[in-house]
Structure formats: structure tokens, C-alpha cells
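Here the structure comes first, spelled out in C-alpha cells, and everything after it is commentary.
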Amino acid sequence: MDDRTMESVLAVDPDTMIIKECINLCSTMKKQSKDRSRTSVTALLGGGSDMFINQSDSFVDSFHNLTNSEHHDPLISGLVQLRLKINNSKGSDEINALELLNPFLQIVSASSVSGYTTSLALDSLQKLFTLNVINKASMNIQIAIRETVVTLTHCRFETSKQLSDDSVLLKVVILLRYIVISSFGESLSDAIIYDVLQTTLSLACNTQRSEVLRKTAEITVARITVKLFTKLKLLEPPTKTEKYINDESYTTNDLKDDVIGTTGSDEELISTDDDNASDNHINKKLIDPLTIHQEKDGEKGKKDDEIEPNYGIAVIKDYLGLLLSLIIPENRMKHTNSAMKLSLQLINTAIEISGNKFPLYPRLFNLISDPIFKSVVFLLQNSAQHSLLQATLQLFTSLVVILGDYLPMQIELTLRRIFEILEDKKGADDATKQKSPAIKELIIEQLSILWIHSPTFFLQMFVNFDCDLDRSDLSIDFIRALTRFSLPAAAINTSNNVPPICLEGIVSLIDNIYGDLEKMDKEEFMKNEKEIETLRQRDRKTEFIMCVESFNEKAKKGVPMLIEKGFIESDSDGDVASFLFLNNGRLNKKTIGLLLCDPKKTSLLKEFIDLFDFKGLRVDEAIRILLTKFRLPGESQQIERIIEAFSSKYSSDQNIDKVEVEEGHDEGNFRPAAEDET
3 MDDRTMESVL AVDPDTMIIK ECINLCSTMK KQSKDRSRTS VTALLGGGSD MFINQSDSFV
63 DSFHNLTNSE HHDPLISGLV QLRLKINNSK GSDEINALEL LNPFLQIVSA SSVSGYTTSL
123 ALDSLQKLFT LNVINKASMN IQIAIRETVV TLTHCRFETS KQLSDDSVLL KVVILLRYIV
183 ISSFGESLSD AIIYDVLQTT LSLACNTQRS EVLRKTAEIT VARITVKLFT KLKLLEPPTK
243 TEKYINDESY TTNDLKDDVI GTTGSDEELI STDDDNASDN HINKKLIDPL TIHQEKDGEK
303 GKKDDEIEPN YGIAVIKDYL GLLLSLIIPE NRMKHTNSAM KLSLQLINTA IEISGNKFPL
363 YPRLFNLISD PIFKSVVFLL QNSAQHSLLQ ATLQLFTSLV VILGDYLPMQ IELTLRRIFE
423 ILEDKKGADD ATKQKSPAIK ELIIEQLSIL WIHSPTFFLQ MFVNFDCDLD RSDLSIDFIR
483 ALTRFSLPAA AINTSNNVPP ICLEGIVSLI DNIYGDLEKM DKEEFMKNEK EIETLRQRDR
543 KTEFIMCVES FNEKAKKGVP MLIEKGFIES DSDGDVASFL FLNNGRLNKK TIGLLLCDPK
603 KTSLLKEFID LFDFKGLRVD EAIRILLTKF RLPGESQQIE RIIEAFSSKY SSDQNIDKVE
663 VEEGHDEGNF RPAAEDET
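Residue numbering for the sequence shown is 3 to 680, as defined by my numbering.
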């Protein structure tokens, strides 16, 4: 239904509706003002004669202000002026949208207003938006929407009972959800969306708030998460080739305290001696943007060019970092289990919606592959709460199903830790403690999703891990674990449900193998060189491990063995360098570094460095990528050889003329790399 159709079904014209809301608010505020005046006058008259003798002038002024407060109240004046403007115009559709909303926004942001009045103002705003009085065709709609959301996230009112305050904030959250989820939300900037996420997430995680408010905030932030990551699927990925860089900018994102509504710090900012001054400040804050945008059409177009663009990848990255801050081990004492559970569920939602797009954005993918997986492993090992562990396992299975091909090392490490938990093994740091039978049952149930989702799960794991020279025999270990837990005796240490689930996994593997054998022609299979080579590589894996162990002890001994067994094609520096560059999983990085810095191996070092691509990278980014392949040796002469080779390669990869022009143009305007897209 478009805007015009929505307007036509209203039983009352928009002008009348707005005027009615203004009158209702004015009446309420005048009544409350009279009640305050009556209370204050009673206090003055009953305070004793000494007060009037000592401070007669000040009390006379106070009494005078009380009797005239309603005529000088900027909030009431704003509502009256809006009524007059509508009456003097042809209709509300000819009035700036921000000007229509401004009197109500003033009330929402005024800390001297009661919660009841703020609630009425929020009801008025809700009507204006949901009944389409404010719509996409309204004048200056983008600025109006942004100002509205900013005001809602900074809502203030007088302290009252906890339930009353929470009922007001409930309306704020519902209105925020409506605006952001609707088409109006497309007009918001990165900073405003992030502010909304901070506000709603802090409410959802604050256990001091009422259950209804927290659950509503959870639903709101979940709906916004769906909208954000649905938009990620529609964005154009970066056209330039991005490098994977392990950046830790996510550490700057942290959940702020719940400060919306009424807080002690806000009350200190309000002068008890001059409430009107405070209201005037709020009034000025909201009127200034209105004044700016009431311009001639030519000037207005000029201003629009300076408006912050609509939200995109930047807020998505910051939001993912914000969710990460709730679950990283460093912050485990700062947040409750319910907050961590919510964060895991929201990350899982993001992965389920657009996880397949994450590899296109290296800085997003970096958050998943490193700190988020680290947090998942930590929670699996250390969490004993059922619901938190369930959310962790749900996230892990989603990552395996959607991003499994991109995260082999992380998946291998996590499954190893899970096997240790199931078998009650203790790690080197004794972090893996014995889990209860209910926890083990939960783990098996969640892992069953992997083979239920894909009947070929175990075969794919065999190809990707067991036949990979750099990976361990993960599928065989997985099947062995299922075999042990499928026996009836396993129910003693787990539960009666575990053996049938594990047996189901083994049966699915056998059924899949049998089905493939029935369909596969042996002669045709033998012609498939790629699959045959994969199986040969599996047979040679034991030999490869022996050669690598020899290399890790001493490179000069291991390289000839690798050449002899055919893992390195020849003894040329190019082939050796290519092997060291590509097969880096089992090789000791310290040994590689010592081999490369050997003064007799300068050509090998050059061949190795030439395999990197440093185009478009800053020096620190290039060095980070370089050091993912080996560790620098300890002696200065050895380091010098590597740095010289790196410097030569880095310089040759840069377009020096272009860099000099850009540096001259941007001199004094340095922008950190973290501000780049991805």
C-alpha cells in the first residue's frame, strides 16, 4: 500500500489529527504546571515567617515565575505555534516534516517533563508515523527521520516508579523498531543506526529493567539485525582485491551502559534553580536543525550534499564488533550469561542470513575467523550453563554448514575440543572440565545437525581434512567417537538418548557410501584423475608427516627428504619456495625463517618473497601478511636480510608516482585504514 492510498483510508484529515494531539498535550502540560504551582505555593506559605524575612525578594520572584510559567513554557509554546501554523496554511503537507515533529521531539528530549507527558508525546509520534501523516512524500523527510531517531535514543524524563519509567521506554523501543524496520530506516546514517543498536542492546542486557521491556528490546534488536544483514546481501562487494589482514579494531567497540530515560548523571545536569534554562537549551538544540533546513530550494540542494550518506557496510562491521565484545573471554566478568546468549543468537542470525557473503568482505570475515571462533571455543570449554552452551553450539554448527570451506583450521580446533569434552580428557591447561551427562547429550544433539543437513558430511570431511597434508584425520576421529558413544555402555556417562543419535550418524555414513557405490561405475571412477590423486595423497600423508617432522628438526635435512619423496618437484629455489609458501600448516615457522635468512639462500629468499602481492597495502599491513608465513629469526643480520628483500619487493609492487601524488593531495589529512570499507 503506497502513501497516497494509506492517506485516503483515514477517517479524519491529518490537520485535525495533529491539532488534536497538540491540544491534548497542551492540556496535560498546563494541568501539571498548575499542580506544580499549587504545590510550590503551599510550600512557600507553610514554610514559616523566617523564610520570608530573610529571603523575601527571591521568593517573590519565585512566586511570580510560578504564576507565569505556563505562558513562558517553550514546550507549550511550540505546540501552540504548530497549531497556528497549520491553521494559517493550506494543509500540513505543505509544512516541513521536521517542523511538524519538532514540538513533540522537544517534549521527548526534555528531562524536566514527567514520564506521563513523554508517553503522550510518544503516542502522538506513533500516530503520525503509523497512520502515514508523516510519509516518504513529506518535505525534508530524511532530516526529519534522522532527528526523530536521534531524539528517541536520547529520550529523557522525570524519574518516577520503575514500572512507569519502563512503560515509557517500551514505547520508545517500539517506535524505534517501527521506524528502522520500515522504509524510513533506509534514510538513516551509520552513526544513527549504531546508536539505535547501542540503545536497544543495552536495554535488552540490563537486568534491572522489567522483563517486558527487555524482551521487547531483544525482539527489536533481532529485527534490526535481520534488516542489516539482509541489506548486506544487496550491497555491491568491493571491486578492488582485498587482502586478509588481522586487524583488532573490534576492540574499540563496547556496549555502553543503559542511560536512556532517567539517570542520576542526567539529573545532575539539570539546574534545580533554573529549569527554564534547561528547557531553553533543549529547545535550541532541536530548533537549530529546523532553522537550517528551512531554506530556499537552491540553498537546500546545496546543504543536501553535506548530509551523511545512508548506512551501509561500516555499521554492519561495527555492530558485529559490538556483539563480539559481549562474548570475548576478556569481558566474561562484565556481562551476564543472558547477554552473552543474546549476542550468540544475534551473530547466528547474521550468519544464517548472509554468512556466504562474508568472504567478500575481509574485515567482516576476519571477525568470524579469529575472535568470534576464539570466543566459541572458550565458551565450549568453560561454560556449564545449558542455554548458553546451546547458543554457542548453534552458532558453531551454522559456521560449519555455511562457511566450512573457508574455516578448516578453526573447525578442526573446535571439534578437537568437543571430542575432549565428550571423552572427559583434560587439556594442557586443565581448562576442559568434566561435563554433566545433560551437557554431553546437548553437544551430540547439536552435532547431529551436521550429518542431517548433509548426508555426505563425513565424506566431505574425509576429502577436506584426512586427504589434506596439512590437516589431521578429523573424519576418522569423528567416526571413532560416534562409534564409542553408539554403544549401550555410553549411556552410563551420558544419557539414554546419546547412543541412538550416534548410531544414526554412523548409519547415515554407511547409507551414503552404499548409495554412491551403487551409482558409481568403477571404470569411470578410475578415469577421474583428480579424485584418484586425492586418494593417493591420503596414502602418502604418513610419509609427508615424517618428512615434515624431519624438516622441523633441521631444514637442511628435511628439504632433501621432501624432494626425494616427490612432495617438492625439484631442488630449484622456485619449487622449494613455492612449497614453503603453500604448505605452511605443519611446517615450523621458526625453521622456515632460519632457512630463508641463510646467507647461502639469498635466491631462495627472493623467490619466496616474490610470491607475495603487496599492491595497495600500507607497510604495516604488508609486514603482517609477510609474517603469517614464517617467524623472524633473532639475530640482527638475519632480520636485515629479510627486511632488505621485503623492502625491494614492496617498493616494486607500489606505483610510486601515484603514491606521491596522493600523499601530496592528502597531506595533513591522514585517515586510518579502519575507516576503509571492509
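Here a beta-carbon is modelled for each residue, glycine too, at the ideal position from N, C-alpha and C.
For residue i, I'd like the list of residues in its chain whose CB is within less than 7 Å of its CB, leaving aside the five on either flank, ordered along the chain.
i, result
"Ile194", "Arg148, Val151 and Val152"
"Ser474", "Glu414 and Phe467"
"Leu237", "Gly314 and Ile315"
"Cys549", "Gly560, Met563, Leu564, Lys567 and Phe569"
"Val14", "none"
Quick one, which of the options has its alpha-carbon nearest residue i's?
i, options, result
"Gln656", "Ile641, Glu623 and Phe616", "Phe616"
"Glu443", "Val500, Gly357 and Asp479", "Val500"
"Leu619", "Thr604, Tyr652 and Ser111", "Tyr652"
"Asp426", "Ser169, Ala492 and Thr222", "Ala492"
"Gln412", "Ile20, Ile374, Phe159 and Lys437", "Ile374"
"Gln436", "Glu447, Ile423 and Ile445", "Ile423"
"Ser650", "Asp518, Leu629, Phe459 and Phe614", "Phe614"
"Tyr321", "Lys602, Leu84, Glu535 and Phe231", "Phe231"
"Ala483", "Glu188, Ile21, Gly507 and Leu215", "Gly507"
"Ser510", "Leu178, Trp453, Ile221 and Lys603", "Trp453"
"Arg540", "Arg626, Val465, Ala146 and Asn358", "Val465"
"Gly636", "Thr630, Ile627 and Asp600", "Asp600"
"Thr132", "Leu177, Leu362 and Ser189", "Leu177"
"Gln396", "Tyr408, Asp407, Arg216 and Leu382", "Leu382"
"Val174", "Arg158, Asn585 and Asp256", "Arg158"
"His455", "Gly406, Thr593, Leu324 and Glu551", "Gly406"
Between residue i and the ligand NAP, is there a pair consisting of the residue's CB and a ligand heavy atom that are separated by less than 8 Å?
i, result
"Val115", "In the structure shown, the ligand NAP is absent, as is every other ligand, since no ligand is present at all."
So for residue i, helix, strand or coil by DSSP?
i, result
"Ser191", "strand"
"Arg211", "coil"
"Gly517", "helix"
"Asn104", "helix"
"Arg620", "coil"
"Asn312", "strand"
"Arg482", "helix"
"Arg334", "coil"
"Arg158", "strand"
"Gly117", "helix"
"Gly587", "coil"
"Gly595", "helix"
"Gly93", "coil"
"Gly560", "helix"
Are residue i and residue j close, meaning C-beta to C-beta below 9 Å?
i, j, result
"Leu686", "Leu171", "As shown, the chain starts at 3 and ends at 680. That puts residue 686 outside it, with no answer to give."
"Ser116", "Gln34", "yes"
"Ile611", "Phe648", "yes"
"Phe553", "Leu589", "yes"
"Gln387", "Asn333", "no"
"Glu23", "Lys92", "no"
"Ile143", "Ala112", "no"
"Leu326", "Ala341", "no"
"Ser2", "Ser184", "The structure shown does not extend to residue 2, since the chain is modelled only from 3 through 680, so no value can be given for it."
State the Cα-Cα distance for the pair residue i and residue j, rounded to the nearest angstrom.
i, j, result
"Lys32", "Gly263", "22 Å"
"Glu213", "Leu199", "19 Å"
"Lys372", "Arg633", "Checking the sequence shown, residue 372 turns out to be Asp, not Lys. Those two C-alpha atoms are separated by around 19 Å."
"Gln347", "Glu531", "44 Å"
"Cys28", "Leu234", "44 Å"
"Ala579", "Leu537", "25 Å"
"Thr394", "Ser488", "24 Å"
"Lys380", "Ile330", "Checking the displayed sequence, the identity of residue 380 turns out to be Phe instead of Lys. Between Phe380 and Ile330, the C-alpha separation is close to 8 Å."
"Lys376", "Ile145", "41 Å"
"Glu571", "Met463", "27 Å"
"Gly80", "Val135", "19 Å"
"Ser140", "Glu96", "8 Å"
"Ser400", "Gly587", "25 Å"
"Gln640", "Gly595", "9 Å"
"Leu107", "Ala123", "8 Å"
"Lys258", "Glu609", "50 Å"
Using C-beta distances below 6 Å, list every residue in its chain close to residue i, excluding the 5 sequence neighbours before and after it, in chain order.
i, result
"Pro439", "Thr496 and Ser497"
"Val317", "Asp192, Ile195 and Tyr196"
"Ser385", "Leu391"
"Ile226", "Val182"
"Ile503", "Ile446 and Ser450"
"Thr604", "none"
Leaving aside the five residues before and after residue i along the sequence, list all residues of the same chain whose C-beta is less than 8 Å from its C-beta, in chain order.
i, result
"Met528", "Ile534"
"Ile625", "Phe648"
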